[in-house]
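Notes to accompany the following structure.
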Amino acid sequence: MTHALATDHEVLLQPSGWRFMASSEVSLLKAAAAAMIRLPAACRNGTCRACLCQAEGPVTYPAGVRPGLMPEERDAGWILPCVARAAGALTLQVPGATPREVRPPPDGLTGARR
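Residues in the sequence shown are numbered consecutively from -17, following our numbering.
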């Protein structure tokens, strides 16, 4: 049995101009989060459509996933980044993308107090 190797692809977000690398093995949502970019999302399984955006470039979906897109939407380049995976270089139109905040650890104790 042969397994395909994971491949990284460059993703350009517009209108921000931010770029990140996305493995063909993880969703675009997770790849963006790893690059400290927050994309709009809610359910993270392809049903709510909160992450819906247009893409230029190839994407794949994991086996068995049937994203909540109409065939006409897929044909027009709409994708669901919460489940879509990069299959090549992509440009995504995501006006709602924001930098992901890193919260510093709290001062003092972090465990149970006595």
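The beta-carbon is built from N, C-alpha and C at its ideal position, and this holds for glycine as well.
Beta-carbon proximity list for A71, same chain, < 7 angstroms, skipping 5 on both sides: The count along the sequence shown starts at 1 and reaches residue 71 at position 89. Within the same chain, A71 has close Cβ partners H(-9), E(-8) and G39.
Close-in-space but distant-in-sequence residues of the same chain around Q36 (CB under 8 angstroms, 5 per side omitted): Translated into positions along the sequence shown, residue 36 becomes position 54. Cβ within range, chain order: A58, G59, W60, I61, L74 and Q75.
Option in M3, A68 and L21 with minimal Cα separation from P(-3): Residue numbering aside, residue -3 sits at position 15 when the sequence shown is read from its first letter. Comparing Cα positions, the closest option is L21.
DSSP state of R56 mapped onto helix, strand, coil: Along the sequence shown, read from residue 1 onward, the residue named residue 56 stands at position 74. DSSP places R56 in helix when its eight states are reduced to three.
Residue(s) in a DSSP beta bridge with R1: Working through the sequence shown from its first residue, we reach residue 1 at position 19. L(-6), per the DSSP bridge assignment.
Where L(-13) sits in the DSSP three-state scheme: Counted from its first residue, the sequence shown places residue -13 at position 5. The answer is coil: DSSP assigns L(-13) none of H, G, I, E or B.
Same chain, Cβ closer than 7 angstroms to P49, neighbours up to 5 away in sequence not counted: What you label residue 49 is simply residue 67 of the sequence shown in a count that begins at 1. Hits under 7 angstroms: G28, Y43, L62 and V65.
CA-to-CA distance, P53 to M18, given in whole angstroms: For the purposes of this step, residue 18 is taken as residue 36 along the sequence shown, with counting starting at 1. For the purposes of this step, residue 53 is taken as residue 71 along the sequence shown, with counting starting at 1. Their Cα atoms are separated by approximately 32 angstroms.
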